[in-house]
């Protein structure tokens, strides 16, 4: 192992830069050279890279986004794209590749690892937290806190106007973000794609809350539950209470990472390089029960992480 | 002048609580009693109030929203509503009333001042900054900074993905918020209702920017310009560049007020009570060229504040 | 189990209010009444309490400090104080008591549990994270992030002036806070009480860094290492480089809790009430390897939590 | 006017980068070339500079510190240093120089303007706000808000522990920062160098407050008032109340600038270049009564800005 590559791919997540920094510095400390492929998989296919030294990653631990840029790339999924990637890695004598990204990026890493001679290790970084094999992904804690801060502000208006607010958060088809945000902002109701909700029952709960003296309410809804605009209108129509919708948008994906996102980025980056130094590939690193671990890319890509429903149960009790 | 009332009305704005605190404490310092009417004009019509002492307003300087709650009230606009309000003020021996709110609230204050014996003074508090007679309203600076912080985060993703982001901010039919936010986040383009824009020209600017090497762009758009969802789709279709929309929602209306919003709340609250102590009513306080001032409610309600177009010109040059 | 008490004691920590809210609402959900003792142990000794209902804890999840107030109390340690406390709990028919606080508060809880008939359960809340039996205490994550945000700002000046900054963080006699802050701000050097440092070696590292082109440096020092003022002066004298000291003070102990501190407060509060409902006392709740757990007060008070030295090792490599 | 230089000097202030960006882009828009001298005056004396283009200043509007770095330079004050500077400006065909900094930097600018052929314009940037000729300096609003946010957190602990906190803020020998911070955090007492305070009277006020039921207090003290450590000890000794000291340190000088600091940086940068384009030198730009203005360097350096005492009077009433 002499030269390794890094690529950030898919949606960006706060802490990707901290992970790049960790990979570069641990690699350098162990005598490895590092190439940074730019703009996601596209950079590998187009052979577009820059050398990364410890000085190249100065001051980036606190920055959102990714200095390597990223993209969603269609060609990369094709066998032709994968072949080109494999060829370019070989041409640059890249012995190991660290892929930083979410679910889709790890699937790409798996496909490439079947073709390429280079050892490939994934680092899970996505605000959605939907990667199997790790309790938490890089960026999740930051996104939770960004949404929490915004909802703390929205609560001011909800209380002052005695209104219901439906707040849509990200999370794609999963409810990890919504459930943690909902619990920690004290949401009256949390809606996630994993649990179908009944509109009639929902109206009932809202009116019951109002009857018990709760004049305002925050409903945190995952984007994956469907049309929140319609939901908001339906609530207003059926409960007779004023309802407003607020969509917490792309700010959730950016911003300076929290300590926890930086911590995960640091230990994941370190672990990824250690695996490569040990000659191991086809792995994705993670944290499970507070231990830094790794599983195979196949297992991660082939399994579905389950949502902790006890959080939703507790949130319900705490919102009384 | 022995007893004064306070009411917060219309949309809430960060710093309303700081203004309540200032009014209560300056009034108390000058030997006045204070009644806080609850839930906006409705509180006056329904004769719903609480006494406010210096201790009632402890610790509220830093809170968003309004401890008196607020509402938009239809009945209040009617002559019947105004008569009821006037009667209740008299019944409670309220000699002076401080109305904290935006444009609409001041119109209500003007209507009431024509009927009621009580002296009425308005304090402009709205994130829209669209009140004539003051260079800046309470809450404006906070909303600008809230939007700025979110857009600073969105910029991370815009740059990392090399995308165009249209970010819609509040401001009702005016561009005060959008222009100050746009200037201070370094937006490539700012769209305000006061200046009609040409879609073709807009696409041209975006493509020119891209040609000059600016791979990402932030377009700050006031909510008053119309359908930003359509605009976003049009840009993507016509420029061939990826475009995303993010609507900065109700968070702009809440949150702990900035120092400047608290400062204005403090000096406005003080000025309002001083006017009442001087036996003056039918006024709205403000800050003009750094001096705390007051004008008549008629003048404020009857005039339109002009937008400083030089900010937009400067923003254009600074985005090159 | 019909009535339980709550008390917050010792230094305050962000998330104490979220824990109070959780205890009150879970207790209420299970048919228990709740008494809130005020100003720490003093409230039990003086029989000073208020009833707490789900509405009493509305809107407090986001507030720093503790609505029950707290104090450090000398009398409480005496056998006389403990007897008075025990008597008052009995007089109020308090069957269970939840003690929210740090190390010292748990020692008080242990002493009381030996005398009182009431079941006593501790909830670890301290920014120092120095409680045995839990991987993380309520407030720790918030304090880490508060210090991180400040140091991110100090880094601006450090870089612009090409200076060395020694930043002292809290943590009493332990290095939990300093090591996590140091890792996540990318500190060049981290000093903790658990590892004696050699001044000469320290000067050497600083000059070596400077020689390698690192013109500024952040040294994160735990308050427990001794006189940072002297250290700062010594560094300047011995390295010839400009050094400045900044002490991150009491802000670390306050502020709105992060999502993680609120999450721990919620699950700890729930667990504490569940233990009481099961008739169990003399326990302290915690989180270990991501599971909510409990151990005896004796074990917690009698053991010393070890610092994860691998964090310091990793931080060193990452600062190259 | 073909080529202009920029230098940032003295203590850094948030918004310096936004000012650099504004100068560079306005200059470029008007066909001027820009040289950025590095590390303050030292860069001019050592002839150390880089060319700055619109792309060099991309993304810096939101960064604290200064990309040009800064220093306090002894040689620069000497006539020899000034001669070297003048010679280097001439050698590089620098027709105009923009000096961004505080009081001391403007004095340097004045000295240089007497010797150099280049037109010299100052932009006031300092968190101390102690520059004559402008109501507000770049960085002041950011520092006020940074201190405010920290004190809002400290207030949590002050209230929970029912303690007195003395919080020392920056401001050198002036009370601009302390008075605005004090007013906007609702400080019970504000101490500034411009008004001598009597210790006995101070103890009296504190005990009176306590007697009226205010169990905690925040005293905001400017660093210029003297030894706050001693003051804190004296208060505790003489009032019998617990007192703690917290020094808000260098974080006040860094961090992402607020909207207002960015706004001032933008209009000041624009004005400075316009003056140079008009062939005018020996000026310092500013904002007075909301108008962007300029006065001579002599007048600015030779006059003392007065502190608005009405803020302190109002703060006293509002803290009742």
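Protein chains in written order, with my numbering: chain A, 1 to 320; chain W, 321 to 640; chain H, 641 to 960; chain G, 961 to 1280.
Even for Gly, the Cβ is constructed at its ideal location relative to N, Cα and C.
Beta-carbon separation of residue 972(G) and residue 1038(G) under 7 Å? no
**Asked** Which residues bound the alpha helix (DSSP H) around residue 983(G)?
**Response** 976 to 989
Worksheet item: Of the residues 1249(G), 1189(G), 1166(G), 968(G), which one's Cα is nearest the Cα of residue 1062(G)?
Response: 968(G)
Notebook entry, point to check: Three-state secondary structure (DSSP) at residue 865(H)?
Noted result: helix
Note to self: Taking 7 Å as the threshold (beta carbon to beta carbon), is residue 793(H) in contact with chain G?
What the structure shows: yes
Worksheet item: What is the DSSP secondary structure of residue 834(H), reduced to helix, strand or coil?
Response: coil
So, at 8 Å on beta carbons, what are the nonlocal neighbours of residue 628(W) in its own chain, with the 5 sequence-adjacent residues on each side left out?
499
* Assign residue 1130(G) to one of two classes, buried (16 or more other C-beta atoms within 10 Å of its C-beta) or exposed (fewer than that). => buried
Query - residue 291(A) - DSSP class collapsed to helix/strand/coil - result: strand
**Request:** Go to residue 147(A), then tell me how far its beta strand (DSSP E) extends in each direction, as first and last residue.
**Result:** Residue 147(A) -> not in any beta strand (DSSP E); alpha helix (DSSP H) instead, spanning 140 to 161.
Reduced DSSP secondary structure (H/G/I, E/B, other) of residue 168(A): strand
- Neighbour list for residue 1222(G) in chain H, Cβ cutoff strictly below 7 Å: The contacting residues do not exist; residue 1222(G) stays about 15 Å from chain H at best.
Own chain residues within Cβ distance below 8 Å of residue 372(W), not counting five before or after:
326, 340, 344, 354, 355, 356
With H, G and I counted as helix, E and B as strand and the rest as coil, what does DSSP make of residue 1233(G)? helix
Original post:
Quick one: what's got a C-beta closer than 7 Å to residue 26(A)'s C-beta in the same chain, skipping five residues either side?
Top reply: 269, 270, 273
Check: Are the C-beta of residue 517(W) and some C-beta of chain A separated by less than 7 Å?
Finding: no
| Which of the residues in the segment 234 to 258 of chain A, read from start to end, lie with their CB under 7 Å from any CB of chain W? | 244, 246, 247, 249, 250, 251, 253, 254, 255
Is there a Cβ from chain H that is less than 7 Å from the Cβ of residue 1024(G)? yes
*Going by DSSP, name the residue or residues bridged to residue 737(H).*
645(H), 760(H)
Based on DSSP bridge pairs, tell me the residues matched to residue 284(A). 122(A), 295(A)
Mind checking the segment 473 to 492 of chain W against chain A and listing, in chain order, the residues whose C-beta falls within less than 9 Å of any C-beta there?
473, 474, 475, 476, 477, 478, 479, 480, 481, 482, 485, 487
> For residue 60(A), which of helix, strand or coil comes out of DSSP?
Replying inline: coil
Using a Cβ-Cβ cutoff of less than 6 Å, which residues in the same chain neighbour residue 587(W) once the five nearest sequence positions on both sides are dropped? 612
Inset, instruction - Using alpha carbons as the reference points, say which of 259(A), 187(A), 207(A), 225(A) lies closest to residue 701(H). - result: 187(A)
**Asked** What is the DSSP secondary structure of residue 856(H), reduced to helix, strand or coil?
**Response** coil
How would you label residue 74(A), buried or exposed, when you count the other beta carbons within 10 angstroms and need 16 or more for buried?
exposed
Is residue 713(H) near the ligand COA, judged by its Cβ being under 6 Å from some heavy atom? Of the ligands one can find in the structure shown there are none, so the ligand COA has no counterpart to examine.
Does residue 1102(G) get closer than 7 Å to chain W when you measure Cβ to Cβ? no
Any chance the segment 242 to 251 of chain A sits against the segment 147 to 166 of chain A, with 3 or more Cβ pairs inside 8 Å? yes
**Q.** Under 7 Å between C-beta atoms of residue 189(A) and residue 574(W)
**A.** no
- [ ] Output yes if chain W places a C-beta closer than 7 Å to the C-beta of residue 1021(G); else output no.
- [x] yes
Self-check item: C-beta contact flag for residue 1094(G) and residue 1085(G) at 7 Å
Solution: no
### Task
Could you list which residues in chain G have their beta carbon closer than 9 Å to that of residue 828(H), in chain order?
Simply none; closest approach about 16 Å.
Could you check whether residue 704(H) and residue 896(H) sit closer than 7 Å to each other, using their CB atoms as the reference points? yes
Is there a C-beta anywhere in chain A that falls below 7 Å from the one on residue 751(H)? no
- Give me the Cα-Cα distance between residue 939(H) and residue 930(H), rounded to the nearest whole angstrom. 20 Å
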